[in-house]
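Novice: Dropping the structure in here first, questions after.
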Ligand code: KG4
Ligand code: ZN
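Here's what the structure looks like:
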């Protein structure tokens, strides 16, 4: 069964054809980095305008690359939140129109659910239950996943998302958006122990907080303007990773679960990937890492999650509206 997935939740226009929720036939992502990089972050109005220009092009390319027509597709899965409302509107309206014109079922997918299910596009998949650490530009949460549509949030960030902290620190150091990949790159030439940045461990909870760390980096750059950027990047990155690892391992122990899935843009971070693999070996836990192109926003993950929705009989109608705020669990209870 082929599903067309569409995601326009933030600054990537993405479309994909996925077979049976597992096999990626095509996966097209048009990013907007060139538009936003000079502003140091995403400008929502520019993002939605670009989605409007690109949505047909990207869907067309996904269909052509997969060599399929609408008659070959069983359903359309679209991300309806959380995200930027103007961006989401483009994908949702487009998907509704395609569904109407082609008389095809429409499926609403939560973006975070998509990130979690990106691992189901890989050959090595976790059994339920597992824990998912979703670390992206907009979210940092730990979910216990007991089955499709069965999510319990065990912890979340109380302020900035980890990716947001990467982007803001990169901006502070004079780099353009998106900052995560730049920090990752220059940190490899820095000393992670050069500066002792604070770690917010928030005892007694599985929540995160990254805003104090961001302020500490700002204060450091003011106090020591000649400090090496590589050292700042490496020390900041080490602080984020230490907290992420500590929390996910704590939840794994408290829930007695030995399977961890990492997902979202920050899970592309080279040191985080290496460190979690090592930690998992030490703790006798199995860790599942999606390929790099499935960590950041894409529509294959939406098509994959959409397949499981469809199998469970969860389709939606044309009353579907995008939602900027959409906690995971509210779509599938
Ligand atoms: O999942 P994603 O593509 O979009 C959201 O749903 O937010 O994540 C984007 C975030 C950005 O903050 C970006 O800087 C970060 O992921 N990111 C990284 C890396 N690659 C992307 N952060 C750290 N290291 C990376 N290699
Ligand atoms: Zn995302």
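Residue numbers (my numbering): 124 to 456. Virtual Cβ for every residue (Gly too), placed ideally from N, Cα, C. If you're wondering where the values come from, they're calculated on a predicted model, not measured in any experiment.
My parser needs the beta strand (DSSP E) runs of 3 or more residues fully inside the segment 336 to 363; what are they?
Specialist: Runs of the beta strand (DSSP E) inside the segment 336 to 363: none found.
Novice: Is there contact here, the segment 171 to 186 with the segment 146 to 153, by at least three beta-carbon pairs under 8 Å?
Specialist: With the cut-off at 8 Å, the segment 171 to 186 and the segment 146 to 153 touch.
Novice: Excluding sequence positions up to five away, which residues of its chain have a Cβ less than 6 Å from the Cβ of residue 126?
Specialist: Position 3 of the chain shown, counted from the start, is the residue given in the question as residue 126. So the list reads 141, 198, 200, 426, 429 and 430, once near-sequence residues are dropped.
Novice: So residue 344 packs on residue 355, CB below 8 Å; how close in whole Å?
Specialist: Counted from its first residue, the chain shown places residue 344 at position 221. Counted from its first residue, the chain shown places residue 355 at position 232. 7 Å between Cβ atoms; contact.
Novice: Kindly examine the ligand KG4 and report whether one of its heavy atoms sits closer than 7 Å to the Cβ of residue 304.
Specialist: One-based indexing of the chain shown puts residue 304 at position 181. Because some heavy atom of the ligand KG4 lies under 7 Å away, the Cβ of residue 304 counts as near it: yes.
Novice: Cβ atoms of residue 317 and residue 358: under 8 Å apart, would you say?
Specialist: Residue mapping note: residue 358 aligns to position 235 of the chain shown, counting from 1. Residue mapping note: residue 317 aligns to position 194 of the chain shown, counting from 1. Against a cut-off of 8 Å, the Cβ pair of residue 317 and residue 358 comes out as a contact.
Novice: Answer yes or no: the CB of residue 420 versus the heavy atoms of the ligand ZN, is any distance below 7 Å?
Specialist: Working through the chain shown from its first residue, we reach residue 420 at position 297. Flag set: Cβ of residue 420 near the ligand ZN.
Novice: Is the closest heavy atom of the ligand KG4 to the C-beta of residue 236 under 7 Å?
Specialist: Reading the chain shown from its first residue, position 113 is the one you call residue 236. No.
Novice: Name the DSSP bridge partner or partners of residue 135?
Specialist: Within the chain shown, the letter at position 12 stands for residue 135. DSSP lists 154 as partners of residue 135.
Novice: Tell me the DSSP secondary structure of residue 198 in three-state form.
Specialist: Counting from one through the chain shown, the residue named residue 198 turns up at place 75. Correct three-state label for residue 198: strand.
Novice: Leaving aside the five residues before and after residue 298 along the sequence, list all residues of the same chain whose C-beta is less than 6 Å from its C-beta, in chain order.
Specialist: For the purposes of this step, residue 298 is identified with residue 175 of the chain shown, where counting begins at 1. Cβ within range, chain order: 305.
Novice: If you drop the 5 nearest sequence neighbours on each side, which residues of the same chain put their C-beta closer than 8 Å to that of residue 390?
Specialist: For the purposes of this step, residue 390 is taken as the residue at position 267 of the chain shown. Result list for residue 390: 256, 258, 396, 412, 413 and 418, in chain order.
Novice: Give me whichever residues DSSP pairs with residue 233 in a beta bridge.
Specialist: Residue mapping note: residue 233 aligns to position 110 of the chain shown, counting from 1. Its beta-bridge partners are 204.
Novice: Below 8 Å on the Cβ atoms is my contact criterion, and I expect residue 263 with residue 211 to pass it. Report the Cβ-Cβ distance as a whole number of Å.
Specialist: Looking up residue 263 in the chain shown gives position 140. Looking up residue 211 in the chain shown gives position 88. At roughly 20 Å, the Cβ-Cβ gap does not stay under 8 Å, so residue 263 and residue 211 are not in contact.
Novice: Would you mind listing the alpha helix (DSSP H) stretches within the segment 368 to 435 that are 4+ residues and don't spill past its ends, in chain order?
Specialist: Listed in chain order, they are 393 to 406, 415 to 418 and 423 to 434.
Novice: Using DSSP bridges, identify the partner residues of residue 331.
Specialist: Here residue 331 corresponds to residue number 208 of the chain shown, with the count starting at 1. According to DSSP, which records beta bridges pairwise, residue 331 is partnered with 280.
Novice: Less than 8 Å between the CB atoms is what I'm expecting for residue 89 and residue 324, so what's the real figure, rounded?
Specialist: No information on residue 89 is available, as it lies outside the stretch 124 to 456 that the chain covers here.
Novice: Check whether the segment 233 to 251 touches the segment 372 to 387, counting contact only when three or more Cβ pairs, one atom from each stretch, lie closer than 8 Å.
Specialist: Yes: the two stretches touch, three or more of their Cβ pairs being nearer than 8 Å.
Novice: How about residue 314 and residue 302: do their beta carbons lie closer than 8 Å?
Specialist: Numbered from its first residue, the chain shown carries residue 314 at position 191. Numbered from its first residue, the chain shown carries residue 302 at position 179. Cβ atoms of residue 314 and residue 302: not closer than 8 Å.
Novice: Name the two residues that bound the continuous alpha helix (DSSP H) containing residue 247.
Specialist: By one-based count along the chain shown, residue 247 stands at place 124. No alpha helix (DSSP H) holds residue 247; DSSP gives it neither H nor E.
Novice: What does the Cβ neighbour count give for residue 401, buried or exposed, with the cut at 16 atoms within 10 Å?
Specialist: Along the chain shown, one-based indexing puts residue 401 at 278. Residue 401 comes out exposed.
Novice: For residue 221, tell me which candidate among 242, 295, 161 and 128 has the shortest Cα-Cα distance.
Specialist: Your numbering for residue 221 matches position 98 in the chain shown. Residue 128 is the option with its Cα nearest to residue 221.
Novice: Taking residue 326 as the reference, which of 310, 307, 374 and 286 has the closest Cα?
Specialist: On the chain shown, residue 326 is found 203 positions in, with the first residue counted as 1. Residue 326 has its Cα closest to that of 374, out of 310, 307, 374 and 286.
Novice: What are the boundary residues of the alpha helix (DSSP H) that includes residue 171?
Specialist: As a working mapping, residue 171 is identified with position 48 in the chain shown. Unbroken alpha helix (DSSP H) run through residue 171: 167 to 189.
Novice: Taking its Cβ as the centre, do 16 or more other Cβ atoms sit within 10 Å of residue 434, making it buried, or is it exposed?
Specialist: Numbered from 1 along the chain shown, position 311 holds the residue referred to as residue 434. Exposed, since its Cβ has fewer than 16 Cβ neighbours within 10 Å.
Novice: Tell me whether residue 361 is buried or exposed, calling it buried when 16 or more other Cβ atoms sit within 10 Å of its Cβ.
Specialist: One-based indexing of the chain shown puts residue 361 at position 238. Label assigned to residue 361: buried.
Novice: To the nearest angstrom, report how far apart residue 181 and residue 308 are at their CA atoms.
Specialist: Numbered from its first residue, the chain shown carries residue 181 at position 58. Numbered from its first residue, the chain shown carries residue 308 at position 185. Spanning the two alpha carbons is a distance of roughly 29 Å.
Novice: Using the DSSP secondary-structure output, state which residues sit across from residue 275 in a beta bridge.
Specialist: By one-based count along the chain shown, residue 275 stands at place 152. Residue 275 pairs with 267.
Novice: Give me the Cα-Cα distance between residue 437 and residue 271, rounded to the nearest whole angstrom.
Specialist: The residue you call residue 437 lines up with position 314 of the chain shown. The residue you call residue 271 lines up with position 148 of the chain shown. Near 12 Å, if we compare the C-alpha coordinates of residue 271 and residue 437.
Novice: Find the nearest neighbour of residue 179 within the set 163, 208 and 137, judged by alpha-carbon distance.
Specialist: Locating residue 179 in the chain shown gives position 56, counting from the first residue. Considering only alpha carbons, the answer is 137.
Novice: What are the start and end residues of the beta strand (DSSP E) that includes residue 253?
Specialist: On the chain shown, residue 253 is found 130 positions in, with the first residue counted as 1. Taken as a continuous stretch (DSSP letters only), the beta strand (DSSP E) holding residue 253 covers 253 to 258.
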